[in-house]
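For reference, the structure is listed below as structure tokens.
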Amino acid sequence: MSVPTYMGVSGKSLAILQIAAIVAPSFVLFGYNQAGIGGLLSEEDWVKTFPEIDTVNSTGADKSSKSTLQGFVVATFVIGALIGSLSCSYTGDKFGRRNVIFAAAICSLIGEILEASSFGLAQFIVGRVIIGLGIGQLSSIVPVWQSETSAAVNRGRQVVLTGLFICLGYVLESWINLGFFEFHHGPVTWRPPIAIAIAFSLILMASIYFFPESPRWLVLKNRSEEARHAVAAFRGLPIDSTEVLAEVAGIEHSLEETSDNAARLSDMLKMGEDKLLYRFMLCILLQFYQQMSGSNLVSVYANVLFQKNLGMSAETSKILTGGALTWKFLASFIAFFTIDRFGRRAVFMISGFGMSACMIALAITTSFGSENKPAMIAAGCFIYLYNTFVPIGFLGANFLYCTEVAPIRLRMAMSSISTGNHWLWNFIVVMVTPVALESIGWQYYIVYAVIAACVPISVFLFFPETMGRNLEEIELIFKESPSVFATVKFAKTRPRNTPQQFLASKEKADHLEQGDDSILAAAACFVAVESVNIKVDSKGGNATSGHQYGFLHEDINNSGDGGIYAELIRNRAFQYSKKYPVSLSGWRSINDAELSLNRLDTPLSDALPVSMNVKPGNSKSKEIGFLNEGYWGMDVKKQKYTGSFWVKGAYKGHFTASLRSNLTDDVFGSVKVKSKANKKQWVEHEFVLTPNKNAPNSNNTFAITYDPKGADGALDFNLISLFPPTYKGRKNGLRVDIAEALEGLHPSLLRFPGGNMLEGNTNKTWWDWKDTLGPLRNRPGFEGVWSYQQTHGLGILEYLQWAEDMNLEIIVGVYAGLSLDGSVTPKDQLQPLIDDALDEIEFIRGPVTSKWGKKRAELGHPKPFRLSYVEIGNEDWLAGYPTGWNSYKEYRFPMFLDAIKKAHPDLTVISSGASIDPVGNKEDAGFDIPAPGIGDYHPYREPNALVEEFNLFDNNKYGHIIGEVASTHPNGGTGWSGNLMPYPWWISGVGEAVALCGYERNADRIPGTFYAPILKNENRWQWSITMIQFAADSAMTTRSTSWYVWSLFAGHPMTHTLPATSDFDPLYYVAGKNEDKGTLIWKGAAYNTTKGADVPVSLSFKGVKPGAQAELTLLTNKEKDPFAFNDPHKGNNVVDTKKTVLKADGKGAFNFKLPNLSVAVLETLKKGKPYSS
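In the UniProt record's numbering, the protein residues as written are 1 to 1173.
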């Protein structure tokens, strides 16, 4: 589905337009009108027009009286702003964010016209109030609208721009006033400066309806489809993308969680589970600090401070005021670059400390009087310094934080009231300042110094960090923290939520509400629970393949590149395809180095024709270079990293390779690599890098730097590689933690390379195994079918070594002439593909005397690999149906089958289709598989459906592998649907256990079962249900609930099944023996018992005598929740594993109980010879 656009743009471009057309005009108006008449109060024509507030030509009591009235006139703007801000608590949720912004722009326009055309004080005051009404609404509604449309990762930067634009308004007002001051006489000195603001109001009015409404408000009004449209536009993603669906699901879930509590203003005065009073007080206190730390004193009355308090001339004061406000504007960029890097708490505390110190300094220097020129110069400097600290934390960040900590149902109310509080204290400052400066002078600054000093203390104790979290996550921080005093610490330690988690919460809530249509309702169905007496015979049954359990791996979910393949560098060789153009994705310059893509006449290889060109920029840095962000970070430990890079170009000196923090630029380890580079040819540089400490997190980068003075022009780099220690120490090998998690499954089968990856997008882009052979510089990469370019680093030899290292039987898929676009290879053009398949088989298992066996030996593995199964194609019934499927049955599969069996008669050839209709699941309605081939069945089913298929193969005459299986969401969601299940639920694992028992009961027909897909990178995935989840941080590698079920079953292999007597439902099982160990084995699962009752089991094996021992391993759910799952972001494990040694009773039976939704394996402890009757 396409990305929705507004004005032809979306994503970052739309956000930039939003800032330029709405945020900037709104807050320039704020600053411009806030400071709007402070610089006009001494103008000659102003004094003549408004003699009632002339403090220039008055003295004594008259001056004091007029000062008070002057303060009131200035403050009438604030009165209007206070009313406007408070009104948003009703209008913002009633009429929507855009409508209120439009109404506010109209108010400001009317007020500006009235002010600029005033010939009497009364008209001016009315205009001032109306302007304030509009600005108050804008100051409340725009930050809310912007924060609700911004992504969490850059929300801080985007919203903190409000402060920058407020300051820009101050600056424009100051310099415009100075410019018109040069006219010296007449209305031109003050009317045009006021009227200029009209332009910003007109921009707002003309622009607002070209932008989407707030998605939070749309969900609040039950307009979720429009909300998805808005989110998709602002994120630059398709409406049906996972990120969009997850964000809207999180909003919906947040509202549903509080749907029983209507949005009442009185709720803000109650603590409750959501800690609303605490959050409300954070907003109130923050806006109080903004005003009562002196910000408005210096901004509005800067000209007065310079002219009257510091004794400077009118023109000099205006120049210094303009300079101070310009400096304040420039200092606003500090917040822009730090708010999303160091967090909200840091900028608040630094700002508060700096403001307090400057106010103390102002009090001291101004106490000497205006005749002390050195003291006055120092005071002027401290005004500038004060304007450095204010915008760091209190010129935008305060508005941002208030919108972040407010709950969605009260966000508009809480934001508007706290902003109203801002205007209330603004009014007090504006009213009091003229009188205070006249009466107590320098002591006035002490008040602000003391209040500002409270900022870092209160922020440290009570203000939790919100950086990087979306608004729904922040809601959970307050809700889940144990107390007000523990919230700050809790926010530091609570794991971040992912889109999957919000989808999971939403889906779980949906299922709990769906009654009889949900899995939970099915779990409550009345299935009789009686004592189950199981008698297992010692003869009969069938031999198994000996390798019943395994997994499919194809590079989906960044499970290969960025996953099991240990390479840390993303986009290491600038590979590309038609679908994925070449780019510098993942790379950034260091110290102004200029990076560009280059196609040299002599590239590194034909496979890698594009390199990265690096040349010095305009800076004079002693060191330049580039860094790589890895696959969403890098796990840095005190261990050896082996790396290499190729260079072409003349350079004398050393390169420095380093691992460093992306947050702080701390270097964890570095190594100098002597340059061998020259202009004539590409030269490889190898190194070993050992960090001297562990990084605290995975937000790290790899960098290469060098001294540009040693280079003769630009340098070209390619194939920049870095590996941590790998599984079994293999070069170009596997990531240790993921490989060990796979090894812990006790697998015996590996199916590769796919999956849809085998077929490719077109008949020219299928996974060609020959492209994956040899040195990395000769591997061109692959146009992946799962939304990203692939490196071919994980090639056929790496797959085979993977299988060898884990002792896995392999099922290799060969391309059979059908691609995902539905293109089919005609019969007369099929032979080259058959020959290619025979070459591949020869490469795997052929002797070194054969052509491709020799090639394998040249690559370092003379010994043939074990191979018993070959699959022809993948899901040929899917793409281009029915043409592709008909061609497969008519000629493609028979031709491959005949050729392979002729050359390798001992191989089992597998069809990519099943004897079961993949759509209707009707027995024998699918493919009549030619003997001696077997079929491939892919049951992605919800748990109930897997249970229903328990006996599906009991009477099927064909052999099959279960080439892909996993329990999915009840509505079939797997990776492209809105109904997603982010991680396997506990009930999913139990459903799979039932299906596995059914497959193993038919082990004579089903030689193997494969979970798929096996891996998922938490940072980019296309298919949600996976066995193992991971990220760059190895601590996040998580074994799902399904992992524990499969590991248990695979860890107790049977060599033979044995017949047993008992009915199934609600207990499903398989019994057998392991002749190699001399043990008897029973595997079972209890699924949906009456009201969740336990199932009593009496299990007896023929030949087992009283007193014999067996070990029972029982898996249950700690949380007693069918939808519980193992969450990589929490590090939890909901699976409880208990082992118990049982003794056979007087009749030789083992007695135990299985709880509802549990999985168990019992294996006898006898050793030696197999049991016999």
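No residue lacks a Cβ here, since even glycine has one placed at the ideal position from N, Cα and C.
Query: Report all residues from its chain with a CB closer than 7 Å to the CB of C525; omit the five preceding and five following residues, and keep chain order.; Result: Any reading at C525 must be qualified, since the residue scores a pLDDT of 40, below 50, and its modelled position is unreliable; no value is offered.
Query: Do E1018 and M1054 count as a contact pair if the criterion is CB distance below 8 Å?; Result: no
Query: Considering only the beta carbon of each residue, do T1057 and V1070 sit closer than 8 Å?; Result: yes
Query: DSSP three-state label for S416, please.; Result: helix
Query: Any idea if D516 is buried or exposed, counting beta-carbon neighbours within 10 angstroms, 16 or more meaning buried?; Result: Its pLDDT being 35, under 50, D516 is placed unreliably by the model, and the measurement read from it follows with that caveat. Under this definition D516 is an exposed residue.
Query: Can you give me the Cβ contacts of S596 inside the same chain, cut-off strictly under 7 Å, excluding the 5 residues immediately before and after it?; Result: N613
Query: Let me check one thing: in DSSP terms, what residues is F551 bridge-paired to?; Result: L750, Y1011
Query: When you compare the CB positions of M412 and V144, do they come within less than 8 Å of one another, or not?; Result: yes
Query: Which residue or residues does DSSP assign as beta-bridge partners of M1036?; Result: Answer is none; M1036 lacks a bridge partner.
Query: Run through DSSP, which three-state label would K1166 get?; Result: coil
Query: What's the C-alpha gap between L749 and S868?; Result: 11 Å
Query: Can you name, in chain order, every residue of its own chain whose Cβ lies under 7 Å from the Cβ of T5, other than the five neighbours on each side?; Result: A233
Query: To the nearest angstrom, how far is the alpha carbon of S147 from that of F27?; Result: 15 Å
Query: On the three-state DSSP scale, how would you describe I961?; Result: strand
Query: In or out: Q1109 buried (at least 16 other Cβ within 10 Å) or exposed?; Result: exposed
Query: In the structure shown, what three-state DSSP assignment does H685 receive?; Result: strand
Query: Which first and last residues belong to the beta strand (DSSP E) in which S351 is found?; Result: Run containing S351: none in the beta strand (DSSP E); it sits in the alpha helix (DSSP H), 344 to 366.
Query: Output the distance between the C-alpha atoms of G96 and S214, rounded to the nearest integer angstrom.; Result: 8 Å
Query: Classify M895 as helix, strand or coil using the three-state DSSP reduction.; Result: helix
Query: Can you say whether L758 is buried or exposed, counting buried as having 16 or more other CB atoms within 10 angstroms of its CB?; Result: buried
Query: Taking all protein chains shown into account, do 16 or more other C-beta atoms lie within 10 angstroms of the C-beta of Q18, making it buried, or fewer, making it exposed?; Result: buried
Query: Does the stretch 883 to 902 come within contact of the stretch 849 to 867, defined as at least 3 CB pairs closer than 8 Å?; Result: no
Query: Classify A335 as buried or exposed, calling it buried when 16 or more other Cβ atoms lie within 10 Å of its own Cβ.; Result: buried
Query: Please list, in chain order, all residues of the same chain as residue 1174 whose beta carbon is under 8 Å from its beta carbon, the five residues on each side excluded.; Result: The chain is shown only over 1 to 1173; residue 1174 falls outside these bounds and no answer can be derived.
Query: Pull the bridge partners of G1084 from the DSSP assignment, please.; Result: Y1069, A1160
Query: What is the DSSP secondary structure of K1016, counted as helix, strand or coil?; Result: strand
Query: From what residue to what residue does the beta strand (DSSP E) around G643 run?; Result: 641 to 648
Query: Checking 8 Å against the spacing of the C-beta atoms, do I135 and N33 come in under that value?; Result: yes
Query: Is it right to say R469 is buried, meaning 16 or more other beta carbons lie within 10 angstroms of its own, or is it exposed?; Result: buried
Query: Looking only at its chain, what residues have a beta carbon closer than 7 Å to the beta carbon of F427, apart from the 5 residues adjacent to it on each side?; Result: A75, V78, I79, L82
Query: State the DSSP-derived secondary structure class of Q789, mapped to helix, strand or coil.; Result: coil
Query: Mind checking which residues open and close the alpha helix (DSSP H) that includes T149?; Result: 121 to 149
Query: From C454 to G352, what does the alpha carbon distance come to, in whole angstroms?; Result: 8 Å
Query: Based on the DSSP secondary-structure assignment, which residues constitute the bridge partners of H1056?; Result: A543, K1073
Query: Within the same chain, show all residues whose beta-carbon is closer than 6 Å to that of E404, passing over the 5 residues directly before and after it, in chain order.; Result: T466, I474
Query: How close, in whole Å, do the beta carbons of A197 and L29 come, if the pair is a contact with beta carbons under 8 Å?; Result: 6 Å
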